[in-house]
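Novice:
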Amino acid sequence: MMVVEQFDIVIAGGGPVGMALALALREYEFSVLLLEARELPEKVDDPRPLALSYGSRLILQRLGIWKNLIQPTPITTIHISNRGYFGHTVITPEDADVPELGYVVNYHNLYHSMGQAVRSSSAVYRINALVTAVRTDLPLAQVTYQQAGVTKQVCAKLLVLADGGKLAEQIDGVRYYAHDYRQMAIVANVKVESALPETAFERFTLNGPLALLPASEGYALVWTMPAATANKILKLDDKSFLLHLHEQFGNRVGDFICVGQRSSFPLILKHASTIIGHRSVLIGNAAQTLHPVAGQGFNLGLRDAWELASEITRIPSDTPGEPGSARMLAAYSRRRQGDKHMSRLFTDSLVKLFTADISLVQACNGLGLTALDILPPARQWVARQMIFGSKGWFVG
Ligand SMILES: Cc1cc2nc3c(=O)[nH]c(=O)nc-3n(C[C@H](O)[C@H](O)[C@H](O)COP(=O)(O)OP(=O)(O)OC[C@H]3O[C@@H](n4cnc5c(N)ncnc54)[C@H](O)[C@@H]3O)c2cc1C
């Protein structure tokens, strides 16, 4: 007969958001199991750059991660423009009343640091553990997973899905609303003739937004475009790739001199019809997957993890039925509604407005950027939304 282990909390998916939750719970008395399908974080190589907001820095400091991160590059200026149209705006730390607007790190560096911290925490961390089924129609949530060819089962008072969104539809009542942007993001490191220190660029083009994020050497490029165009551009030799990039980006950093290895990611907008079920909750990309424009996805997922931990720990660990009662989950869902809604609306509107192939819309976007530039309150709102989410909240 299969032995079924029991935990207070089982987290399915040990990406950065699942690990953040395990770390946020490390000083409490709950038994926590983190199941991750991939191998040790040190063996994972994911080249995407992550722009972390100042708000995320505060959370990562609380989780003990920040001090071990390899060279996060600060962002003190964000320059936003629209290719082929007038109008631009510049956001600075004064707009949000913070010392720095954000930081650029590599996904894999962040993931390694978090992995080390999780391994020295009280959470039970199992890698190469692929969750194959979840059940939420029993008094406790039940999870089936496979590790080293063996099928195992655990049950939990609270099941947290942080797997990026593959398992959620096994939970009663959860459906995804999805919009396929039919776009891909090309990611690569580039060197330029005249880099502007600590300056990030967001350039909207009719094909999609193009971001240059300051990195330790040159810039990390996140260049979005229709999938068919991306497939062609990925095949260009370095010289043609750099010329095409220069043509789209313009002359603000001079010539593009060299490009490192290129990778690509398909882009969709996806969000769950509900983020809670019986003894279960969705966080991070499992709850919502956003377009990378404005770098909101992980920042939002980190706030999911932080606020879920705070809802869980608000109630004494020996309270019968907790964590994971319907009341606790409803409180969490209410608490996250505004932030999630605004972040989704914000990123989706940016993509749709700036890629609309209608001159009038583009002219209005130009006016909007000019308005942002001359109206500090509007710029301050945008800056605080990007840094702290809809509540403009602060963890300090
Ligand atoms: C090109 C690009 C650039 C981006 N830039 C930014 C940015 O600048 N700033 C920002 O905030 N966000 C950015 N994002 C978004 C960000 O990468 C995601 O929001 C973030 O990685 C979500 O973390 P997560 O832990 O929820 O999910 P994931 O990173 O997808 O992790 C999910 C984890 O679950 C595991 N898993 C999956 N299925 C199972 C299973 N069945 N059993 C066990 N484990 C499982 C996976 O192996 C993985 O480790 C970007 C995204 C892209 C594509």
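The sequence shown lines up with residues 0 to 395 when you count with numbering that gives the first Met the number 0. Ideal placement from N, C-alpha and C gives every residue a C-beta, glycine not left out.
Among Gln141, Gln115, Lys156, which residue has its Cα nearest to the Cα of Leu328?
Specialist: The option with the nearest alpha carbon to Leu328 is Lys156.
Novice: Please state whether DSSP places Gln5 in a helix, a strand or coil.
Specialist: Strand, per DSSP.
Novice: Select from Asn188, Trp305, Gly163, His245 the residue whose C-alpha is nearest the C-alpha of Ala36.
Specialist: Among Asn188, Trp305, Gly163, His245, the Cα nearest to that of Ala36 is on Gly163.
Novice: By alpha-carbon positions, which one of Met18, Trp65, Lys231 ends up nearest to Ser120?
Specialist: Considering only alpha carbons, the answer is Met18.
Novice: So, Val189 versus Phe255, is the Cβ gap smaller than 8 angstroms?
Specialist: Yes. Within cutoff.
Novice: Tell me where the alpha helix (DSSP H) around Ser80 begins and ends.
Specialist: Premise fails: Ser80 lies in the beta strand (DSSP E), 76-81, not in any alpha helix (DSSP H).
Novice: Under 8 angstroms between the Cβ atoms of Ile64 and Ala116?
Specialist: Yes. Within cutoff.
Novice: Measure the alpha-carbon distance for Phe393 versus Val149 and round it to whole angstroms.
Specialist: Unreliable placement is indicated for Phe393, whose pLDDT of 43 sits below 50; the coordinate value is still reported in the next sentence. For Phe393 and Val149, the distance between alpha carbons rounds to 44 angstroms.
Novice: So, Ala397 versus Ala184, is the Cβ gap smaller than 8 angstroms?
Specialist: Look at the range of the chain in this structure, 0 to 395, and you will see that residue 397 is not part of it.
Novice: With DSSP run on the structure shown, which of helix, strand or coil describes Gly101?
Specialist: Note: Gly101 maps to strand in three-state DSSP.
Novice: Kindly indicate which three-state DSSP category Gln287 falls into: helix, strand or coil?
Specialist: The answer is strand: DSSP assigns Gln287 an E or B state.
Novice: Should Gln247 and Thr204 be called a contact, given that it needs their Cβ atoms to be closer than 8 angstroms?
Specialist: Contact flag set, yes.
Novice: To the nearest angstrom, how far is it from the Cα of Phe29 to the Cα of Ser316?
Specialist: Distance between the alpha carbons of Phe29 and Ser316: 7 angstroms.
Novice: Might you give, ordered along the chain, the residues of its own chain that have their beta carbon closer than 6 angstroms to the beta carbon of Pro376, omitting 5 neighbours on each side?
Specialist: Correct list: empty, nothing qualifies.
Novice: In terms of residue numbering, what span does the beta strand (DSSP E) encompassing Ala210 cover?
Specialist: Segment 207-213, the beta strand (DSSP E) holding Ala210.
Novice: Taking its Cβ as the centre, do 16 or more other Cβ atoms sit within 10 Å of Gln70, making it buried, or is it exposed?
Specialist: The residue in question, Gln70, is exposed, as its Cβ has fewer than 16 Cβ neighbours within 10 Å.
Novice: Ser342 by DSSP, collapsed to three states: which one?
Specialist: In the structure shown, Ser342 sits in a helix (DSSP, three-state: H, G or I).
Novice: Tell me the residue span of the beta strand (DSSP E) that contains His178.
Specialist: Segment 175-191, the beta strand (DSSP E) holding His178.
Novice: As a quick exercise: from Pro138, Val89, Ala219, Val142, pick the residue whose alpha carbon is nearest that of Gly320.
Specialist: Gly320 has its Cα closest to that of Pro138, out of Pro138, Val89, Ala219, Val142.
Novice: Measure the CB-CB distance between Gly253 and Val191 and report whether it falls below 8 angstroms.
Specialist: Contact flag set, yes.
Novice: What is the C-beta distance between Arg278 and Ala140, in whole angstroms, given that I count them as a contact (C-beta under 8 angstroms)?
Specialist: Confirmed, about 4 angstroms.
Novice: Where in the segment 106-146 do unbroken runs of the beta strand (DSSP E), each at least 3 residues long, occur, reported from the N-terminal end onward?
Specialist: Counting only runs of 3 or more, we get 123-125, 128-134, 140-146.
Novice: Mind checking whether the beta-carbon of Tyr106 lies closer than 7 angstroms to any heavy atom of ligand 1?
Specialist: Yes, the Cβ of Tyr106 comes within 7 angstroms of a heavy atom of ligand 1.
Novice: Ligand 1 and Glu35: does any heavy atom of the ligand fall closer than 7 angstroms to the residue's C-beta?
Specialist: Glu35 Cβ: within cutoff of ligand 1.
Novice: Any C-beta of chain B sitting closer than 8 angstroms to the C-beta of Val103?
Specialist: Included in the structure is just one protein chain, with no chain B present.
Novice: Ligand 1 and Lys165: does any heavy atom of the ligand fall closer than 7 angstroms to the residue's C-beta?
Specialist: Indeed, a heavy atom of ligand 1 lies less than 7 angstroms from the Cβ.
Novice: For the alpha helix (DSSP H) containing Ile311, name the first residue and the last one.
Specialist: Start and end: 296-312.
Novice: Whose C-beta lies closer than 7 angstroms to the C-beta of Leu241 among residues of the same chain, with five residues either side of it excluded?
Specialist: Cβ within range, chain order: Phe255, Val258.
Novice: Report yes or no: do the segment 338-350 and the segment 41-56 share at least 3 C-beta pairs separated by less than 8 angstroms?
Specialist: No, they do not touch.
Novice: Under a Cβ-count criterion, where at least 16 other Cβ atoms within 10 Å of its own Cβ denotes burial, should Glu38 be classed as buried or exposed?
Specialist: Burial call: exposed.
Novice: Tell me whether the segment 3-16 and the segment 299-311 touch, counting them as touching only if at least three CB pairs, one residue from each stretch, are closer than 8 angstroms.
Specialist: Result yes; three or more Cβ-Cβ pairs closer than 8 angstroms.
Novice: What residues match up with Ile232 in a beta bridge as DSSP calls it?
Specialist: In the DSSP output, where bridge partners are listed per residue, Ile232 has none listed.
Novice: Can you check the segment 11-47 for any beta strand (DSSP E) of at least 3 residues that lies completely inside it and give the ranges in chain order?
Specialist: Here the runs fully enclosed are 31-34.
Novice: Between which two residues does the beta strand (DSSP E) carrying Ala271 extend?
Specialist: It spans 262-271 - the beta strand (DSSP E) in which Ala271 sits, taken as one unbroken run.
Novice: If you drop the 5 nearest sequence neighbours on each side, which residues of the same chain put their C-beta closer than 8 angstroms to that of Gly395?
Specialist: With a pLDDT of 37 at Gly395, under the threshold of 50, the modelled position of that residue is not reliable, and the figure given next carries that caveat. Around Gly395: Leu57.
Novice: Thinking C-alpha only, which one of Val97, Val142, Leu33, His107 is nearest Leu49?
Specialist: Selected option, being the one with the closest Cα: His107.
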